[in-house]
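Protein sequence lines correspond, in order, to chains A and F. Heads up: the first sequence at position 496 corresponds to 496 in this note's numbering, and the numbers run straight through without jumps. Heads up: the second sequence at position 28 corresponds to 673 in this note's numbering, and the numbers run straight through without jumps. From the three backbone atoms N, C-alpha and C, an ideal C-beta is built for every residue, glycine too. Notes for the one structure printed next.
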Amino acid sequence: MAGLAAAVRIGEAGIPVDLFSLVPVKRSHSVCAQGGINACNDVARQQGYSEYEHFDETIYGGDYLADQHPVLEMANWAPRIIDLLDRMGVPFNRTAEGFRDLRLFGGSLFKRTHFAGATTGQQLIYALDEQVRRYEVEGKVAKYEFWEFLGPVLDDGRCVGIVAQDLRTMQVRSFPADAVVIATGGCGLVYGKSTNSIMCTGAAAARCFKAGVWYANPEMIQVHPTAIPGADKLRLMSESARGEGGRVWVPRKKGDPRAPREIPDPDRYYFLEEKYPKYGNIVPRDIATREIFDICVNQGLGIHGENSVYLDLTHKEPEYLTKKLGGILEIYEKFVGVDPRHEPMKIFPAVHYSMGGLWTQYTKGRYNPAQALEKHRSGSAPPIGSEVGLGMAPGEINNMQTNIQGLYAFGEVNFAYHGANRLGANALLSCIFDGLFCGVSVSNYLRDGAPAKKPAESVSKTPFDAAAKAEEVRFKAFLDGASKGEPDAKTNPYIIHKELGQEMTAACTVVKSAPRLQQCRAKLAELRERFRSVRAADAATWTNQSLSYTRAVGDMLLVADAICLGGLERRESRGAHYRTDFPDRDDANFMKTTLTKYDAASERLSIEFVPIDGSLVKPTARTYGKVEKKDEDSKAPPKPAMARV
Amino acid sequence: MTTTAPSPKGFSPVRAAPKPGRTVLFRIKRCEGPGKPSRWETFAVPIERGANVISCLQAIAANPVTIEGKKSTPVVWDAGCLEEVCGACTMVINGKVRQSCSCLIDAYAPSEGDTVTLEPMAKFPVIRDLWVDRSRLFDALKRVRAWVPIDGTYYLGQGPREKPRSQETRYKLSECMSCGCCLDACPQFVLEPDAAKWSTSFIGAHAISQARLFNMHETGKVLTGERLDSLMGHGGISDCGNAQNCVKVCPKSIPLTESIAAIGRAVTIHSFARYFRD
Numbered sequence: 001m002a003g004l005a006a007a008v009r010i011g012e013a014g015i016p017v018d019l020f021s022l023v024p025v026k027r028s029h030s031v032c033a034q035g036g037i038n039a040c041n042d043v044a045r046q047q048g049y050s051e052y053e054h055f056d057e058t059i060y061g062g063d064y065l066a067d068q069h070p071v072l073e074m075a076n077w078a079p080r081i082i083d084l085l086d087r088m089g090v091p092f093n094r095t096a097e098g099f100r101d102l103r104l105f106g107g108s109l110f111k112r113t114h115f116a117g118a119t120t121g122q123q124l125i126y127a128l129d130e131q132v133r134r135y136e137v138e139g140k141v142a143k144y145e146f147w148e149f150l151g152p153v154l155d156d157g158r159c160v161g162i163v164a165q166d167l168r169t170m171q172v173r174s175f176p177a178d179a180v181v182i183a184t185g186g187c188g189l190v191y192g193k194s195t196n197s198i199m200c201t202g203a204a205a206a207r208c209f210k211a212g213v214w215y216a217n218p219e220m221i222q223v224h225p226t227a228i229p230g231a232d233k234l235r236l237m238s239e240s241a242r243g244e245g246g247r248v249w250v251p252r253k254k255g256d257p258r259a260p261r262e263i264p265d266p267d268r269y270y271f272l273e274e275k276y277p278k279y280g281n282i283v284p285r286d287i288a289t290r291e292i293f294d295i296c297v298n299q300g301l302g303i304h305g306e307n308s309v310y311l312d313l314t315h316k317e318p319e320y321l322t323k324k325l326g327g328i329l330e331i332y333e334k335f336v337g338v339d340p341r342h343e344p345m346k347i348f349p350a351v352h353y354s355m356g357g358l359w360t361q362y363t364k365g366r367y368n369p370a371q372a373l374e375k376h377r378s379g380s381a382p383p384i385g386s387e388v389g390l391g392m393a394p395g396e397i398n399n400m401q402t403n404i405q406g407l408y409a410f411g412e413v414n415f416a417y418h419g420a421n422r423l424g425a426n427a428l429l430s431c432i433f434d435g436l437f438c439g440v441s442v443s444n445y446l447r448d449g450a451p452a453k454k455p456a457e458s459v460s461k462t463p464f465d466a467a468a469k470a471e472e473v474r475f476k477a478f479l480d481g482a483s484k485g486e487p488d489a490k491t492n493p494y495i496i497h498k499e500l501g502q503e504m505t506a507a508c509t510v511v512k513s514a515p516r517l518q519q520c521r522a523k524l525a526e527l528r529e530r531f532r533s534v535r536a537a538d539a540a541t542w543t544n545q546s547l548s549y550t551r552a553v554g555d556m557l558l559v560a561d562a563i564c565l566g567g568l569e570r571r572e573s574r575g576a577h578y579r580t581d582f583p584d585r586d587d588a589n590f591m592k593t594t595l596t597k598y599d600a601a602s603e604r605l606s607i608e609f610v611p612i613d614g615s616l617v618k619p620t621a622r623t624y625g626k627v628e629k630k631d632e633d634s635k636a637p638p639k640p641a642m643a644r645v
Numbered sequence: 646m647t648t649t650a651p652s653p654k655g656f657s658p659v660r661a662a663p664k665p666g667r668t669v670l671f672r673i674k675r676c677e678g679p680g681k682p683s684r685w686e687t688f689a690v691p692i693e694r695g696a697n698v699i700s701c702l703q704a705i706a707a708n709p710v711t712i713e714g715k716k717s718t719p720v721v722w723d724a725g726c727l728e729e730v731c732g733a734c735t736m737v738i739n740g741k742v743r744q745s746c747s748c749l750i751d752a753y754a755p756s757e758g759d760t761v762t763l764e765p766m767a768k769f770p771v772i773r774d775l776w777v778d779r780s781r782l783f784d785a786l787k788r789v790r791a792w793v794p795i796d797g798t799y800y801l802g803q804g805p806r807e808k809p810r811s812q813e814t815r816y817k818l819s820e821c822m823s824c825g826c827c828l829d830a831c832p833q834f835v836l837e838p839d840a841a842k843w844s845t846s847f848i849g850a851h852a853i854s855q856a857r858l859f860n861m862h863e864t865g866k867v868l869t870g871e872r873l874d875s876l877m878g879h880g881g882i883s884d885c886g887n888a889q890n891c892v893k894v895c896p897k898s899i900p901l902t903e904s905i906a907a908i909g910r911a912v913t914i915h916s917f918a919r920y921f922r923d
């Protein structure tokens with residue numbers, strides 16, 4: 001999504017764009033986003049809401065880890081972005097009068113979420129895909145689909161192009177470019193199974209990281225409490241199921257073999273209701289996630305000894321459920337083959353989003369109060385308006401540029417907006433905002449920056465040839481490994497990946513501790529060692545998917561190490577990062593960005609903590625006070641029973 | 646849905662659990678690349694709980710040994726979201742074109758030793774194994790100018806207001822994920838590897854439906870004439886044989902035949918208007 005928005009914006013400026021993607025861009029992971037996209041709107045504004053409050057919610061939701069200026073600019077742009085998408089033809093849900101309809105979403109007291117049925121992400125990316133197709137016809141954008149990014153080409157510390165491989169012919173070649181935008185999303189596959197699409201390996205980010213780009217806040221990984229465990233992936237189950245009275249339980253007896261309906265009430269352990277009599281099943285997301293995890297992983301009480309608990313709606317009338325929750329229940333039925341109206345659903349938390357990512361810069365805008373303000377009181381008058389340029393300075397060439405000149409990172413792959421925890425319906429916003437707002441920065445870099453003096457085309461061929469050559473050598477080495485014969489369990493990339501996923505899920509998700517993280521690092525070292533003699537399962541020189549996968553496994557091992565090390569070094573709890581040995585937030589030492597660097601010579605990671613810019617709003621405890629229960633979806637009215645077709 | 650009525654996929658919501666740990670055979674049509682002969686290989690896969698075709702192909706990749714004990718290679722196939730919203734993992738399963746992610750093994754092969762047959766889509770050139778080249782499908786979207794020609798991305802205020810009914814219709818049409826099921830099932834849509842011939846070959850139901858989608862939009866409308874022009878000639882709407890297979894196989898239940906009828910009427914009116922104008 002971020003990449004398409006950037007392509008449209010940069011293409012519009014008359015700059016030729018080459019778009020590289022592992023998949024046809026229309027099939028990108030953004031299609032999975034369901035809920036919506038946040039923006040202040042006319043109705044909410046009259047009720048007291050403002051762009052500033054959206055900014056404040058995002059900072060608070062992110063537990064004061066995000067640099068504040070970029071978040072302010074994003075919130076201020078949100079209404080403009082909705083209007084643009086509307087003009088592009090996104091079928092946003094409508095009111096009787098034909099205005100855009102709104103829904104309530106996590107972290108806000110106001111209706112500020114725009115949506116298109118139950119597939120908002122799909123609809124948004126389609127609108128951008130259509131504009132890109134139009135530009136393709138007009139010759140402004142050239143697509144390279146089924147091409148894999150292998151790394152940036154650097155010359156004199158500046159990014160002058162990329163090396164990529166055609167996944168059909170397996171041809172490796174370099175492409176000169178005056179600027180490169182990385183918009184490759186998250187890294188859920190590092191955890192084996194997650195809610196992410198199959199290509200979300202984080203490999204592209206890892207390849208930039210290896211080339212010297214810094215990686216920030218890797219440990220900030222969002223885990224959603226209720227997902228449907230599947231043999232291939234984990235699919236989201238909306239929290240509105242709990243909001244509608246769903247009860248979470250496990251059999252009291254470890255490994256109870258009985259079917260759920262044969263287990264009488266006294267033999268059921270409604271652990272959320274017992275532990276939190278006040279809130280019961282609608283405790284906030286992070287608590288629900290931690291408790292479910294604890295029940296299964298630490299206490300071994302999961303259903304049939306596996307990692308799942310029941311989410312039970314069977315005490316409700318089927319007709320009522322269909323009316324209130326039809327759309328989401330159909331997803332369960334489609335992928336599990338069981339009707340949740342009659343049989344309890346099996347759910348488990350799942351890795352969902354990476355708040356961390358490639359480190360990026362920005363230039364502050366005009367709003368710089370003498371001292372940071374207190375937390376915004378919901379519904380009160382905002383201290384400032386929403387003019388462009390208050391948060392970030394528009395068009396400055398360093399906006400969302402990494403530490404390598406000419407190399408930009410947009411969307412989930414950067415670390416800029418969501419701090420330690422992302423609010424629902426802010427992801428689509430940050431992607432499109434990056435593309436539109438920072439796309440101009442890219443255009444300006446071409447006009448005013450290094451490429452103006454020395455275009456990439458005029459750089460000597462040496463770095464391009466060398467980069468392509470190095471990747472060809474790596475490719476050949478994998479091929480040679482594949483032809484050496486059958487892999488054993490130790491050198492099988494699929495098994496290495498499986499073990500990686502299991503280890504990361506156990507150590508680096510919901511509950512972390514120093515001993516477990518150290519154990520995880522040791523395991524990662526073992527996996528890296530085994531990967532040195534990895535055997536790809538296919539020696540073909542045509543459309544060798546297995547090889548591309550194997551290469552990505554190597555990259556995932558690196559991302560995993562950064563996630564683990566960041567988790568170890570951040571000796572506090574903040575947002576999605578929870579340490580049992582340091583359960584409190586520690587602003588004095590850790591209201592700082594985790595900056596991870598890779599040293600190519602020693603192949604080692606190093607970490608430092610650099611202060612964030614929190615000059616706009618003072619931090620307060622992120623308790624959601626007594627409205628905690630109202631946090632996230634549990635406050636939202638039940639989702640309408642949307643026809644999911 | 647009631648407790649007893651079987652769902653469209655052929656399993657009832659409440660039923661005896663298929664035997665866990667059973668082995669299912671996957672008979673897979675393999676091909677090393679364009680112009681290469683195809684062959685069949687069969688793999689025995691132990692079925693884990695909740696298995697679908699994707700997880701079984703992943704299991705084969707980790708241990709690609711056929712039932713004859715012959716070492717083979719991981720099967721090549723296209724996949725993405727695994728939630729039936731991206732359209733990537735379309736293939737022909739037991740003779741029917743569909744997404745492999747939503748194809749649950751418990752429903753397709755509930756018993757020990759059952760066979761699931763996987764073939765690539767028939768109407769697109771095979772790249773390798775189950776992966777086909779669907780660029781023609783996306784090319785068709787260019788032919789019908791499937792976009793809203795906005796003035797640019799600078800701020801120009803809101804889009805047009807729209808009645809809920811119109812939005813509901815457009816949303817439905819806009820759920821098309823370009824999977825290609827409607828094309829694979831269409832008798833009029835035939836395999837055509839030569840890109841030069843695409844512009845005169847049948848464009849397919851998906852693109853006709855997209856033309857309708859954009860003709861409905863207040864701004865998208867301005868290209869109606871061009872869209873209808875592109876659907877008037879060879880390979881346009883008159884090539885549709887009304888077999889109605891498209892609507893039956895559409896995983897998103899998009900009313901493709903309604904779209905074809907609507908565009909058919911629009912083309913007729915458009916051609917009359919053009920006849921009298923010229």
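query = Hey, residue 414 of chain A and residue 357 of chain A: beta-carbon distance below 7 Å or not?
reply = Here the question's residue 414 of chain A lines up with position 414 in the first sequence. Here the question's residue 357 of chain A lines up with position 357 in the first sequence. Result yes, Cβ atoms of residue 414 of chain A and residue 357 of chain A sit closer than 7 Å.
Neighbour-count burial assignment, residue 728 of chain F, 16 or more Cβ in a 10 Å radius = Residue numbering aside, residue 728 of chain F sits at position 83 when the second sequence is read from its first letter. Residue 728 of chain F should be labelled buried.
Complete runs of the beta strand (DSSP E) confined to the region 756 to 784 of chain F [at least 3 residues] = Fully enclosed beta strand (DSSP E) runs of 3 or longer: 760 to 764, 771 to 773.
ask   = Would DSSP call residue 609 of chain A helix, strand or coil?
value = Within the first sequence, residue 609 of chain A is the residue found at index 609, counting from 1. Correct three-state label for residue 609 of chain A: strand.
request  = Determine which residues of the region 744 to 767 of chain F have a Cβ less than 9 Å from any Cβ of chain A, and write them out in chain order.
outcome  = Hits within the stretch, in order: 746, 747, 749, 750, 751, 752.
query = Looking at the C-beta of residue 148 of chain A, does it have a partner C-beta in chain F at a distance below 7 Å?
reply = Numbered from its first residue, the first sequence carries residue 148 of chain A at position 148. Interface flag for residue 148 of chain A against chain F is unset, since no Cβ pair is found closer than 7 Å.
message = Check whether the region 36 to 55 of chain A and the region 375 to 392 of chain A are in contact - that is, three or more C-beta pairs closer than 8 Å.
response = Contact between the region 36 to 55 of chain A and the region 375 to 392 of chain A is present, because at least three Cβ pairs lie under 8 Å.
inquiry  = Can you give me the C-alpha to C-alpha distance between residue 796 of chain F and residue 802 of chain F, rounded to a whole angstrom?
reply    = Taking the first residue of the second sequence as position 1, residue 796 of chain F is located at position 151. Taking the first residue of the second sequence as position 1, residue 802 of chain F is located at position 157. Going from the Cα of residue 796 of chain F to the Cα of residue 802 of chain F covers about 12 Å.
query = Thinking C-beta only, is residue 36 of chain A closer than 7 Å to residue 350 of chain A?
reply = Within the first sequence, the letter at position 350 stands for residue 350 of chain A. Within the first sequence, the letter at position 36 stands for residue 36 of chain A. With contacts defined as CB atoms closer than 7 Å, residue 350 of chain A and residue 36 of chain A fail to qualify as a contacting pair.
message = Could you tell me the alpha carbon to alpha carbon distance between residue 829 of chain F and residue 434 of chain A, rounded to whole angstroms?
response = Sequence index remark: in the second sequence, residue 829 of chain F carries index 184 (1-based). Sequence index remark: in the first sequence, residue 434 of chain A carries index 434 (1-based). Taking C-alpha positions only, residue 829 of chain F is separated from residue 434 of chain A by approximately 38 Å.
inquiry  = Please identify the residue among A/482, A/226, A/103, A/125 whose C-alpha is closest to the C-alpha of residue 281 of chain A.
reply    = The count along the first sequence starts at 1 and reaches residue 281 of chain A at position 281. Nearest of A/482, A/226, A/103, A/125 to residue 281 of chain A, Cα basis: A/226.
request  = Spell out a yes or no on whether the region 715 to 735 of chain F and the region 538 to 548 of chain A are touching, meaning 3 or more CB-CB pairs, one atom from each, closer than 8 Å.
outcome  = Enough Cβ pairs lie closer than 8 Å, so yes.
Secondary structure of residue 413 of chain A, DSSP reduced to three states = As a first step, residue 413 of chain A must be located in the first sequence, where it is residue number 413. The answer is helix: DSSP assigns residue 413 of chain A an H, G or I state.
Range of the contiguous alpha helix (DSSP H) that encloses residue 812 of chain F = Here residue 812 of chain F is taken as the residue at index 167 of the second sequence, counted from 1. Unbroken alpha helix (DSSP H) run through residue 812 of chain F: 809 to 819.
ask   = Are the CB atoms of residue 566 of chain A and residue 218 of chain A nearer to each other than 7 Å?
value = Mapped onto the first sequence, residue 566 of chain A falls at position 566. Mapped onto the first sequence, residue 218 of chain A falls at position 218. Inclusion of residue 566 of chain A and residue 218 of chain A in the CB contact set at 7 Å is warranted, their separation being smaller than that value.
Continuous alpha helix (DSSP H) assignments of at least 4 residues falling wholly in the region 724 to 754 of chain F = The region 724 to 754 of chain F contains these whole alpha helix (DSSP H) runs: 750 to 753.
task = Could you name the residues of chain F that residue 542 of chain A contacts, counting a contact when the two beta carbons are closer than 8 Å?
result = Within the first sequence, residue 542 of chain A is the residue found at index 542, counting from 1. Listed by position along chain F, the residues whose Cβ is nearer than 8 Å to that of residue 542 of chain A are 677, 678, 773.
request  = Look up residue 546 of chain A in the DSSP assignment and say whether it is helix, strand or coil.
outcome  = Position 546 of the first sequence, counting from 1, holds the residue named residue 546 of chain A. In the three-state reduction of the DSSP assignment, residue 546 of chain A falls in the helix class, which pools H, G and I.
key: Whole-angstrom distance between residue 872 of chain F and residue 977 of chain F, CA atom to CA atom   = Only positions 646 to 923 of chain F appear in the structure, and residue 977 of chain F is not among them; the question remains open.
task = Could you round the C-beta distance between residue 310 of chain A and residue 345 of chain A to whole angstroms and report it? I think they count as a contact, below 8 Å.
result = Indexing the first sequence from 1 puts residue 310 of chain A at position 310. Indexing the first sequence from 1 puts residue 345 of chain A at position 345. Contact flag correct, Cβ pair sits at about 7 Å.
ask   = Which one of A/428, A/418, A/558 has the shortest CA to CA distance from residue 64 of chain A?
value = By 1-based counting over the first sequence, the position of residue 64 of chain A is 64. It is A/418 whose Cα lies nearest to the Cα of residue 64 of chain A.
query = Would the beta-carbon of residue 234 of chain A fall within 7 Å of that of residue 193 of chain A?
reply = By one-based count along the first sequence, residue 234 of chain A stands at place 234. By one-based count along the first sequence, residue 193 of chain A stands at place 193. Yes, they are a contact pair.
task = Tell me, to the nearest whole angstrom, how far the beta carbon of residue 43 of chain A is from that of residue 102 of chain A; I am working on the premise that it is less than 8 Å.
result = Working through the first sequence from its first residue, we reach residue 43 of chain A at position 43. Working through the first sequence from its first residue, we reach residue 102 of chain A at position 102. With a Cβ gap of about 7 Å, residue 43 of chain A and residue 102 of chain A count as contacting.
message = Please state the DSSP three-state secondary structure of residue 595 of chain A.
response = Indexing the first sequence from 1 puts residue 595 of chain A at position 595. Note: residue 595 of chain A maps to strand in three-state DSSP.
message = Can you tell me which residues form a DSSP beta bridge with residue 697 of chain F?
response = Position 52 of the second sequence, counted from the first residue, corresponds to residue 697 of chain F. Beta-bridge pairing links residue 697 of chain F to F/749.
query = Whose C-beta lies closer than 8 Å to the C-beta of residue 127 of chain A among residues of the same chain, with five residues either side of it excluded?
reply = Taking the first sequence and counting its residues from 1, the one referred to as residue 127 of chain A is at position 127. Counting only Cβ-Cβ distances below 8 Å, and skipping sequence neighbours, we find 85, 88, 89, 90.
ask   = Within this structure, are the beta carbons of residue 441 of chain A and residue 403 of chain A separated by less than 7 Å?
value = Along the first sequence, one-based indexing puts residue 441 of chain A at 441. Along the first sequence, one-based indexing puts residue 403 of chain A at 403. A distance of 7 Å or more separates the beta carbons of residue 441 of chain A and residue 403 of chain A.
query = Excluding the five sequence neighbours on either side, which residues of its own chain have a C-beta within less than 8 Å of the C-beta of residue 81 of chain A, listed in chain order?
reply = The count along the first sequence starts at 1 and reaches residue 81 of chain A at position 81. These residues qualify, in order along the chain: 37, 39, 429, 432, 433, 436.
inquiry  = Please list, in chain order, the residues of the region 87 to 109 of chain A that have any C-beta partner in chain F closer than 9 Å.
reply    = Residues of the region 87 to 109 of chain A with a C-beta atom less than 9 Å from some C-beta of chain F are 87, 88, 89, 90, 91, 92, 93, 94, 95, 96, 97, 98, 99, 100, 101, listed in chain order.
task = Answer with yes or no whether the minimum CB distance from residue 697 of chain F to chain A is below 7 Å.
result = Numbered from 1 along the second sequence, position 52 holds the residue referred to as residue 697 of chain F. For residue 697 of chain F, the answer is yes, since a Cβ of chain A falls inside 7 Å of its Cβ.
ask   = Candidates A/609, A/74, A/165, A/159: which alpha carbon is nearest residue 469 of chain A's?
value = The residue labelled residue 469 of chain A in the question sits at position 469 within the first sequence. Residue nearest to residue 469 of chain A within the set A/609, A/74, A/165, A/159 is A/165 (criterion: CA-CA distance).
message = Does the CB of residue 728 of chain F have a neighbour CB from chain A at under 7 Å?
response = Here the question's residue 728 of chain F lines up with position 83 in the second sequence. Closer than 7 Å to some Cβ of chain A, the Cβ of residue 728 of chain F qualifies, so yes.
message = Applying the 10 Å Cβ sphere with the 16-neighbour rule, what's the burial state of residue 20 of chain A?
response = As a working mapping, residue 20 of chain A is identified with position 20 in the first sequence. Under the 10 Å beta carbon count, residue 20 of chain A is surrounded by 16 or more other beta carbons and is classified as buried.
message = Is it buried or exposed, residue 685 of chain F, if we count other Cβ atoms within 10 angstroms and call 16 or more buried?
response = Here residue 685 of chain F refers to the residue found at position 40 of the second sequence. Residue 685 of chain F sits exposed, since fewer than 16 C-beta atoms from the chains shown fall within 10 Å of its C-beta.
inquiry  = For residue 330 of chain A and residue 338 of chain A, I'd like the C-alpha separation in whole angstroms.
reply    = Taking the first residue of the first sequence as position 1, residue 330 of chain A is located at position 330. Taking the first residue of the first sequence as position 1, residue 338 of chain A is located at position 338. A direct Cα-Cα distance of roughly 10 Å separates residue 330 of chain A from residue 338 of chain A.
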